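Student: Protein chains in written order, with this note's numbering: chain H, 56 to 254; chain U, 4 to 468. The beta-carbon is built from N, C-alpha and C at its ideal position, and this holds for glycine as well. Please read these numbers as outputs of a predicted model, since none were measured by experiment.
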Ligand code: SF4
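(1) Could you name the residues of the same chain whose beta carbon sits closer than 7 Å to that of residue 405 of chain U, not counting the 5 residues immediately before and after it, in chain order?
(2) Closest to residue 422 of chain U by C-alpha separation, out of U:435, U:246, U:289 and U:18, would be which residue?
(3) Could you check which residue in H:107, H:236 and H:92 has the C-alpha nearest to that of residue 477 of chain U?
(4) Give the C-beta separation of residue 184 of chain H and residue 218 of chain H to the nearest angstrom, bearing in mind that I take them to be a contact with Cβ-Cβ under 8 Å.
(5) On the CB-based measure, 16 or more other CB atoms within 10 Å of its CB, does residue 213 of chain U come out buried or exposed?
(6) How should residue 331 of chain U be labelled, buried or exposed, when 16 other C-beta atoms within 10 angstroms of its C-beta is the threshold for buried?
(7) For residue 123 of chain H, which residues of its own chain have a beta-carbon under 7 Å away from its beta-carbon, when the five flanking residues on both sides are left out?
(8) Give a yes or no on whether the C-beta atoms belonging to residue 285 of chain U and residue 208 of chain U are separated by under 9 Å.
(9) Would you kindly work out how many angstroms separate the C-alpha atoms of residue 205 of chain H and residue 110 of chain H, rounded to a whole number?
(10) Can you give the Cα-Cα distance for residue 144 of chain H and residue 169 of chain H, rounded to whole angstroms?
(11) Determine, using beta-carbon pairs with one atom in the segment 105-115 of chain U and one in the segment 99-108 of chain H, whether at least three such pairs fall under 8 Å.
(12) Under 7 Å Cβ-Cβ, which residues of chain U neighbour residue 242 of chain H?
(13) What does a CB cutoff of less than 6 Å around residue 387 of chain U pick up in its chain, not counting 5 residues either side in sequence?
(14) Please state the DSSP three-state secondary structure of residue 48 of chain U.
(15) Tell me the rounded alpha-carbon separation between residue 192 of chain U and residue 48 of chain U.
(16) Any chance the CB of residue 223 of chain U is under 8 Å from a heavy atom of the ligand SF4?
(17) Taking 9 Å as the cut-off, decide whether the C-beta atoms of residue 126 of chain U and residue 137 of chain H are in contact.
(18) Can you tell me the Cβ-Cβ gap for residue 172 of chain H and residue 60 of chain H, rounded? I've got them flagged as a contact below 8 Å.
(19) Report yes or no: is there a C-beta of chain U within less than 9 Å of the C-beta of residue 228 of chain H?
(20) From the DSSP output, in three-state form, read off residue 131 of chain H for me.
(21) Can you give the Cα-Cα distance for residue 303 of chain U and residue 309 of chain U, rounded to whole angstroms?
(22) If we define contact as Cβ-Cβ less than 9 Å, is residue 269 of chain U a contact residue for chain H?
(23) Please confirm whether residue 428 of chain U and residue 450 of chain U have their CB atoms less than 9 Å apart.
(24) What are the boundary residues of the beta strand (DSSP E) that residue 163 of chain U is part of?
(25) Could you list the residues in the segment 18-37 of chain U with a C-beta less than 8 Å from some C-beta on chain H, going in chain order?
(26) Strictly below 7 Å CB to CB, what residues from chain U border residue 86 of chain H?
(27) Any idea what DSSP makes of residue 213 of chain H, helix, strand or coil?
(28) Cβ of residue 431 of chain U versus every heavy atom of the ligand SF4: is any distance shorter than 8 Å?
(29) Using a beta-carbon distance below 9 Å, is residue 169 of chain H in contact with chain U?
(30) Can you give, in chain order, each stretch of the alpha helix (DSSP H) that sits fully within the segment 152-209 of chain U and has at least 4 residues?
(31) Using the C-alpha atoms, what's the distance from residue 216 of chain U back to residue 381 of chain U?
(32) Note the first and the last residue of the continuous alpha helix (DSSP H) segment covering residue 225 of chain H.
(33) Which term fits residue 4 of chain U, buried or exposed, when burial requires 16 or more other beta carbons within 10 angstroms of its beta carbon?
(34) Does any heavy atom of the ligand SF4 sit closer than 8 Å to the C-beta of residue 413 of chain U?
(35) Does residue 109 of chain H come within less than 9 Å of chain U when only Cβ atoms are used?
(36) Less than 9 Å between the C-beta atoms of residue 431 of chain U and residue 225 of chain U, yes or no?
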């Protein structure tokens, strides 16, 4: 997984399903690893493979026409369990950007902490992306984090997205939260000294 | 202007607040378990740093543990490895562990409150989304990812943006046969699985106030199922009575001081919420879910929405969901045969839940072809149930009282619902495959689950109480 994100032009894989929960992204029985690697193999495991471990032909990740480093999904993506393994699986599979019209909070944090960019777009723009890819699976999407813009390259249709400035800087420069928190040691200790009880 | 309870607690935990940065928020209690912690400990090792405040972290093993024969080694190699790694990591870093065999072991969200670790006014996190459970005590409690577990281990702080505030008021009184699980399933069915995303919820109103602590925990537990960051309830006499005398609760003069502070923990009359929702308890009937997210719930006597009642845009997901469940749009669930009954999970595995079920099934027998698993939330709940003779009641009814753990709430340990089978479950998630590959879940209250155990089908419990 790369430790920065700035700019990406890529085709995308569309999964037009709403409320995709993290149990679908990575089922619980695959959470037993004790490292962060290798989860991509089991990304969307039960949608991708049948009970005999044969690829399900009707699932989009098994369709060679659709590929790319961008995942596009229906609203409320990443709801449910807080498992960061979902972000690890998405990153390990090779996705760098996830686009939806709505993300669950914990998933969004987890993605950002793993240098995967979650982009929230309007329902209309999400529809546009789905339709563009449906019409032409080779549709390229351009993500520019500095400008905070997402563009459908062929049509030039563009939308700007929100990201908080701190997280943006982290992604661009490859910092993480622990670096920042560790620098606050003095403040943390003086906070502790100011509290009589642990609540 | 006054402050909400949430803001009072948040403000008193902000260590550093800088424009453009998320707040650095101090965490009073950090619970960890075997699934979401190994990579965090690994991160500390890589950075060469210790756990900053070992006494503020408590560990238990719950997700991977078998719920029979816990005295034997865990059979499944990967599960065993994860549990062993927790033991090794907590030992290496000096964190207290209530592991398998320990009298305090249990589901992380059951043991915190019962040990008096969870207290009003605290900030509590855990690498587990149902950490929201602890909000029932008037604490800010929420689930975090593993990178954040590492942050908290390293610094006892977390970086967070202040969420928006939502108040959900449930007024009036519950009808017979309707319990707290029905309240929360009802709310989620009304506002959807994403209806509170971005918000921290405060539950209020007469129907909430009159609930026991166990019942309040059931409500707060499922806050995450409507997308909320967490949910909390202002502490009151019910809260204080529950805490007093528990193992790690303040004692003596400390208790008096703590109590004086806790009594200030309420939302001021003139405080403002971003959103206020109001419900009437009398409108709630026993609830059951028919789909594959917790927002897809109906009153047990209602029918599943017909296709014509579903928004065009939601149709593909709706159809996929019902296909998975093997159910027809527009049909009824009442009378539908069930194969498994699971009473357990951090939502409904506390002593009060088991008492409620025991009361109901006393003198009754389970339907022949139903498998019934009752899984206590902790060793202490298990011991208490045995002391009260509840285990005997279950035995006579043909229910199997197992040992504590997450069990069939998630298909991770040995307890899985077989493919294609229907399970009425008191847990919190009905996602595809949640209880095992291709298992089909109906979420309901412990009472409704117990009723189904007796009749072998989805039943309106009101006809039996
Ligand atoms: S009981 Fe279920 S929801 Fe609760 S902590 Fe365990 S796996 Fe998570």
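Tutor: Taking the definition as stated:
(1) 70, 71, 376, 377 and 378
(2) U:435
(3) Here chain U has residues from 4 to 468 only, and residue 477 of chain U is not among them.
(4) Going by Cβ atoms, the distance from residue 184 of chain H to residue 218 of chain H rounds to 18 Å, so no, they are not a contact pair.
(5) Looking at its Cβ environment, which holds fewer than 16 other Cβ atoms inside 10 Å, residue 213 of chain U is exposed.
(6) exposed
(7) 65, 66, 67 and 68
(8) no
(9) Straight-line spacing of the CA atoms in residue 205 of chain H and residue 110 of chain H works out to 32 Å.
(10) Put simply, the backbone Cα of residue 144 of chain H is about 11 Å away from that of residue 169 of chain H.
(11) no
(12) 18 and 19
(13) 354
(14) helix
(15) Computed Cα separation, rounded: 44 Å.
(16) no
(17) no
(18) 5 Å
(19) no
(20) coil
(21) 16 Å
(22) No - not a single Cβ of chain H is within 9 Å of the one on residue 269 of chain U.
(23) no
(24) Start and end: 160-163.
(25) 18, 19, 23, 24, 25, 27, 29, 31 and 32
(26) Against chain U, the beta carbon of residue 86 of chain H has neighbours under 7 Å at 38 and 415, listed in chain order.
(27) Strand.
(28) yes
(29) yes
(30) 183-194
(31) 16 Å
(32) 220-228
(33) exposed
(34) yes
(35) no
(36) yes
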